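The sequence shown begins at 1431 in the numbering used here and counts up one residue at a time. Ideal Cβ positions, reconstructed from N, Cα and C, are used throughout, including at glycine. The structure displayed is predicted, hence computed values, not measured ones.
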Amino acid sequence: MADTQGGMLGEQRRALILAEVRRRGGVRVNELTRLLGVSDMTVRRDLDVLARQGMVAKVHGGAVPADSASGHEPGFEAKAAQQPLAKEAIARRAVELITPGSVVAMSGGTTVYALARRLTGVERLTVVTNSVRVAEVFHPPGTRAPDPSQGPTVVLTGGVRTPSDSLVGPIADLAIRSLNFDLLVMGTHGLSARRGLTTPNVAEADTNREFFQAARRVAVLADHSKWGVVGMCRFAGLEEVDVLVTDSGLDEAAREEAASVVGDLLIADV
(Lines of atoms letter the chains of each structure in order from A and count residues from 1; the text may use other names and numbers.)
(Lines give C-alpha, C1' and ligand atoms only; values in the text may rest on other atoms or scores of the structure.)
Protein backbone atom coordinates (compact mmCIF):
# COMPACT_ATOMS: atom_id res chain seq x y z
CA MET A 1 0.00 0.00 0.00
CA ALA A 2 1.29 3.46 -0.83
CA ASP A 3 2.43 5.56 2.11
CA THR A 4 0.03 8.51 1.72
CA GLN A 5 -1.76 10.92 4.03
CA GLY A 6 -3.18 14.36 3.35
CA GLY A 7 -3.03 13.63 -0.39
CA MET A 8 0.77 13.44 -0.41
CA LEU A 9 3.15 10.51 -0.88
CA GLY A 10 5.44 9.67 2.01
CA GLU A 11 8.55 10.49 -0.01
CA GLN A 12 7.13 13.90 -0.88
CA ARG A 13 6.31 14.61 2.77
CA ARG A 14 9.75 13.61 3.92
CA ALA A 15 11.39 15.75 1.24
CA LEU A 16 9.37 18.76 2.44
CA ILE A 17 10.21 17.99 6.07
CA LEU A 18 13.92 17.74 5.27
CA ALA A 19 13.83 21.02 3.33
CA GLU A 20 12.10 22.74 6.25
CA VAL A 21 14.59 21.37 8.79
CA ARG A 22 17.53 22.57 6.71
CA ARG A 23 15.98 25.96 5.98
CA ARG A 24 15.09 26.76 9.57
CA GLY A 25 17.76 24.79 11.42
CA GLY A 26 15.18 22.76 13.28
CA VAL A 27 11.41 22.18 13.45
CA ARG A 28 8.93 20.87 15.99
CA VAL A 29 6.41 18.10 15.38
CA ASN A 30 3.41 20.38 15.97
CA GLU A 31 4.72 22.84 13.37
CA LEU A 32 5.02 20.07 10.79
CA THR A 33 1.52 18.74 11.47
CA ARG A 34 0.09 22.20 10.74
CA LEU A 35 2.29 22.69 7.67
CA LEU A 36 1.52 19.30 6.12
CA GLY A 37 -2.01 18.74 7.39
CA VAL A 38 -1.20 15.31 8.80
CA SER A 39 -1.23 13.67 12.24
CA ASP A 40 1.50 13.77 14.88
CA MET A 41 1.99 10.03 14.40
CA THR A 42 2.62 10.44 10.67
CA VAL A 43 5.17 13.20 11.25
CA ARG A 44 6.97 11.15 13.91
CA ARG A 45 7.14 8.14 11.56
CA ASP A 46 8.58 10.36 8.84
CA LEU A 47 11.17 11.75 11.26
CA ASP A 48 12.08 8.17 12.26
CA VAL A 49 12.69 7.34 8.60
CA LEU A 50 14.81 10.46 8.03
CA ALA A 51 16.78 9.79 11.22
CA ARG A 52 17.54 6.20 10.14
CA GLN A 53 18.77 7.60 6.82
CA GLY A 54 21.07 9.98 8.68
CA MET A 55 19.31 13.05 7.25
CA VAL A 56 18.08 14.54 10.56
CA ALA A 57 18.75 14.15 14.26
CA LYS A 58 15.66 13.78 16.44
CA VAL A 59 15.41 16.01 19.51
CA HIS A 60 12.68 16.50 22.11
CA GLY A 61 9.53 17.41 20.21
CA GLY A 62 11.11 17.73 16.77
CA ALA A 63 14.28 17.42 14.69
CA VAL A 64 17.41 19.32 13.66
CA PRO A 65 19.83 18.78 10.75
CA ALA A 66 21.98 15.71 11.32
CA ASP A 67 25.19 17.74 11.26
CA SER A 68 23.89 20.08 13.99
CA ALA A 69 23.83 17.35 16.61
CA SER A 70 26.35 17.36 19.46
CA GLY A 71 29.70 18.46 18.00
CA HIS A 72 28.82 20.57 14.95
CA GLU A 73 28.96 24.36 15.33
CA PRO A 74 27.25 26.39 12.56
CA GLY A 75 28.66 29.75 11.50
CA PHE A 76 27.08 33.08 12.43
CA GLU A 77 25.34 33.60 9.08
CA ALA A 78 23.81 30.11 9.15
CA LYS A 79 22.47 30.72 12.64
CA ALA A 80 21.13 34.16 11.71
CA ALA A 81 18.91 32.56 9.05
CA GLN A 82 17.23 30.32 11.63
CA GLN A 83 14.04 31.55 13.38
CA PRO A 84 14.60 35.26 12.58
CA LEU A 85 11.09 36.38 13.63
CA ALA A 86 11.35 34.55 16.95
CA LYS A 87 14.76 36.09 17.65
CA GLU A 88 13.50 39.60 16.99
CA ALA A 89 10.49 39.00 19.24
CA ILE A 90 12.76 37.73 22.02
CA ALA A 91 15.03 40.77 21.62
CA ARG A 92 12.06 43.14 21.93
CA ARG A 93 11.01 41.42 25.16
CA ALA A 94 14.53 41.26 26.58
CA VAL A 95 15.04 45.05 26.30
CA GLU A 96 13.03 45.42 29.51
CA LEU A 97 15.82 43.63 31.40
CA ILE A 98 18.41 46.30 30.57
CA THR A 99 18.90 49.18 33.05
CA PRO A 100 20.69 52.41 32.02
CA GLY A 101 23.97 52.82 33.88
CA SER A 102 24.46 49.10 34.46
CA VAL A 103 27.29 46.76 33.44
CA VAL A 104 25.95 44.09 31.08
CA ALA A 105 27.88 41.10 29.76
CA MET A 106 26.71 39.83 26.38
CA SER A 107 27.80 36.49 24.98
CA GLY A 108 27.94 35.49 21.34
CA GLY A 109 24.93 34.31 19.39
CA THR A 110 22.44 35.73 16.92
CA THR A 111 19.63 36.29 19.43
CA VAL A 112 21.94 38.27 21.71
CA TYR A 113 23.07 40.16 18.59
CA ALA A 114 19.42 41.04 17.87
CA LEU A 115 19.14 42.49 21.37
CA ALA A 116 22.39 44.46 20.99
CA ARG A 117 20.94 46.27 17.98
CA ARG A 118 18.22 47.65 20.28
CA LEU A 119 20.64 48.96 22.92
CA THR A 120 22.72 51.48 21.00
CA GLY A 121 20.88 54.43 22.56
CA VAL A 122 20.88 53.24 26.19
CA GLU A 123 22.62 55.83 28.35
CA ARG A 124 25.63 55.09 30.55
CA LEU A 125 25.55 51.41 29.67
CA THR A 126 28.77 49.38 29.80
CA VAL A 127 28.77 46.28 27.61
CA VAL A 128 31.38 43.56 28.06
CA THR A 129 31.26 41.00 25.26
CA ASN A 130 33.22 38.17 23.71
CA SER A 131 31.24 38.55 20.47
CA VAL A 132 32.89 40.33 17.55
CA ARG A 133 29.44 40.85 15.99
CA VAL A 134 27.96 42.39 19.15
CA ALA A 135 30.95 44.74 19.53
CA GLU A 136 30.55 45.87 15.91
CA VAL A 137 26.92 46.85 16.57
CA PHE A 138 28.17 49.55 18.94
CA HIS A 139 31.48 50.28 17.19
CA PRO A 140 31.02 49.67 13.43
CA PRO A 141 34.32 48.96 11.62
CA GLY A 142 35.96 52.07 10.21
CA THR A 143 34.15 54.51 12.47
CA ARG A 144 35.73 56.82 15.02
CA ALA A 145 35.83 55.87 18.69
CA PRO A 146 32.41 56.80 20.08
CA ASP A 147 31.71 59.41 22.72
CA PRO A 148 30.77 57.48 25.91
CA SER A 149 28.15 60.12 26.68
CA GLN A 150 26.36 59.27 23.41
CA GLY A 151 25.89 55.55 23.95
CA PRO A 152 27.25 52.37 25.52
CA THR A 153 30.90 51.82 26.36
CA VAL A 154 32.06 48.48 24.98
CA VAL A 155 34.78 46.15 26.26
CA LEU A 156 35.78 43.27 23.92
CA THR A 157 37.44 40.43 25.79
CA GLY A 158 39.88 39.15 23.18
CA GLY A 159 40.53 35.46 22.61
CA VAL A 160 40.36 32.86 19.83
CA ARG A 161 37.53 33.29 17.32
CA THR A 162 34.95 30.51 16.90
CA PRO A 163 32.85 29.77 13.77
CA SER A 164 30.04 31.81 15.37
CA ASP A 165 32.36 34.82 15.83
CA SER A 166 32.72 34.50 19.60
CA LEU A 167 36.10 34.95 21.32
CA VAL A 168 36.99 32.12 23.68
CA GLY A 169 39.97 30.50 25.37
CA PRO A 170 42.39 31.47 28.19
CA ILE A 171 42.68 35.16 27.22
CA ALA A 172 38.90 35.62 27.20
CA ASP A 173 38.55 33.62 30.41
CA LEU A 174 41.15 35.75 32.22
CA ALA A 175 39.51 39.00 31.14
CA ILE A 176 36.05 37.87 32.25
CA ARG A 177 37.36 36.49 35.56
CA SER A 178 38.64 39.94 36.55
CA LEU A 179 35.25 41.65 36.09
CA ASN A 180 31.83 41.77 37.73
CA PHE A 181 28.53 42.21 35.87
CA ASP A 182 25.09 43.36 36.95
CA LEU A 183 23.54 41.18 34.26
CA LEU A 184 24.72 38.49 31.86
CA VAL A 185 22.75 38.05 28.63
CA MET A 186 23.61 34.63 27.28
CA GLY A 187 22.74 32.75 24.10
CA THR A 188 22.99 28.99 23.85
CA HIS A 189 23.30 26.28 21.23
CA GLY A 190 20.80 24.10 23.07
CA LEU A 191 18.95 23.74 26.35
CA SER A 192 17.02 21.01 28.09
CA ALA A 193 15.73 20.32 31.58
CA ARG A 194 18.00 17.28 31.87
CA ARG A 195 21.27 18.58 30.37
CA GLY A 196 20.89 22.32 30.90
CA LEU A 197 22.72 24.75 28.59
CA THR A 198 25.11 23.23 26.06
CA THR A 199 27.47 24.13 23.22
CA PRO A 200 29.44 22.08 20.66
CA ASN A 201 32.63 24.02 21.51
CA VAL A 202 34.73 22.94 24.52
CA ALA A 203 36.56 26.27 24.87
CA GLU A 204 33.31 28.22 24.55
CA ALA A 205 31.82 26.15 27.39
CA ASP A 206 34.74 27.19 29.64
CA THR A 207 34.33 30.86 28.70
CA ASN A 208 30.58 30.70 29.29
CA ARG A 209 31.17 29.26 32.77
CA GLU A 210 33.38 32.25 33.57
CA PHE A 211 30.57 34.57 32.46
CA PHE A 212 28.14 32.80 34.79
CA GLN A 213 30.51 33.08 37.74
CA ALA A 214 31.00 36.84 37.24
CA ALA A 215 27.32 37.85 36.94
CA ARG A 216 24.83 38.81 39.65
CA ARG A 217 21.90 37.84 37.40
CA VAL A 218 21.72 35.70 34.27
CA ALA A 219 19.23 36.04 31.42
CA VAL A 220 19.27 33.38 28.68
CA LEU A 221 17.78 34.20 25.27
CA ALA A 222 16.79 31.10 23.29
CA ASP A 223 14.12 30.53 20.65
CA HIS A 224 11.84 27.50 20.84
CA SER A 225 13.90 25.43 18.38
CA LYS A 226 16.74 25.28 20.94
CA TRP A 227 14.64 23.32 23.44
CA GLY A 228 15.72 19.68 23.55
CA VAL A 229 18.91 20.31 21.54
CA VAL A 230 22.00 18.99 23.34
CA GLY A 231 25.51 20.04 22.34
CA MET A 232 28.66 18.20 23.34
CA CYS A 233 29.59 20.41 26.32
CA ARG A 234 27.39 21.44 29.24
CA PHE A 235 28.23 24.81 30.80
CA ALA A 236 25.31 25.52 33.16
CA GLY A 237 22.13 24.06 34.56
CA LEU A 238 18.71 25.62 34.01
CA GLU A 239 18.47 26.18 37.76
CA GLU A 240 21.31 28.72 37.41
CA VAL A 241 19.22 30.87 35.04
CA ASP A 242 17.39 33.82 36.61
CA VAL A 243 15.38 34.70 33.49
CA LEU A 244 14.73 32.61 30.37
CA VAL A 245 13.33 34.58 27.44
CA THR A 246 11.90 32.43 24.66
CA ASP A 247 9.10 32.71 22.12
CA SER A 248 5.50 31.58 21.78
CA GLY A 249 6.53 28.65 19.56
CA LEU A 250 7.57 26.73 22.67
CA ASP A 251 4.92 24.10 23.40
CA GLU A 252 3.03 23.96 26.70
CA ALA A 253 4.81 20.88 28.04
CA ALA A 254 8.22 22.47 27.50
CA ARG A 255 7.01 25.75 29.04
CA GLU A 256 5.87 23.97 32.18
CA GLU A 257 9.14 22.05 32.39
CA ALA A 258 11.24 25.19 31.96
CA ALA A 259 9.13 27.29 34.34
CA SER A 260 9.58 24.69 37.08
CA VAL A 261 13.36 25.13 36.99
CA VAL A 262 14.34 28.68 35.94
CA GLY A 263 13.72 31.78 38.04
CA ASP A 264 11.38 33.56 35.60
CA LEU A 265 10.09 32.47 32.19
CA LEU A 266 9.25 35.26 29.72
CA ILE A 267 7.38 34.35 26.52
CA ALA A 268 7.69 36.70 23.55
CA ASP A 269 4.78 36.65 21.09
CA VAL A 270 5.89 36.09 17.50
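For THR1540, the enclosing alpha helix (DSSP H) stretches over residues 1540 to 1546. For PRO1530, the CB contacts under 8 angstroms within the same chain, skipping 5 residues up- and downstream, are VAL1552, GLU1553, ARG1554, LEU1555 in chain order. For VAL1542 against VAL1564, the beta-carbon gap comes to about 6 angstroms, under 8 angstroms, which counts as contact. Take the alpha-carbon of ASN1638 and the one of ARG1452: they are about 27 angstroms apart.
Between GLY1679 and ALA1516, the gap from beta carbon to beta carbon is short of 8 angstroms. In this structure, the CA atom of ALA1688 is about 35 angstroms from the CA atom of HIS1569. ASP1470 sits exposed, since fewer than 16 C-beta atoms from the chains shown fall within 10 Å of its C-beta.
Assigned with DSSP and collapsed to three states, GLY1440 falls in helix. Partner residues in the beta bridge of PHE1611, as assigned by DSSP, are ALA1645. Scanning its chain for C-beta atoms nearer than 7 angstroms, with the 5 sequence neighbours on each side dropped, one finds around ALA1684 the residues GLY1491, TRP1657, in chain order.
In this model, VAL1659 and GLY1617 are separated by some 13 angstroms (Cα to Cα). The C-alpha of ARG1607 is placed about 19 angstroms away from the C-alpha of THR1583. When the five nearest sequence neighbours on each side are left out, the beta carbons in the same chain lying within less than 6 angstroms of the beta carbon of SER1532 are those of ASP1612, in order along the chain. Per DSSP, LYS1656 has no beta-bridge partner at all.
A direct Cα-to-Cα measurement between LEU1586 and VAL1468 gives close to 49 angstroms. Counted as a single uninterrupted DSSP element, the alpha helix (DSSP H) harbouring ALA1565 occupies residues 1562 to 1568.
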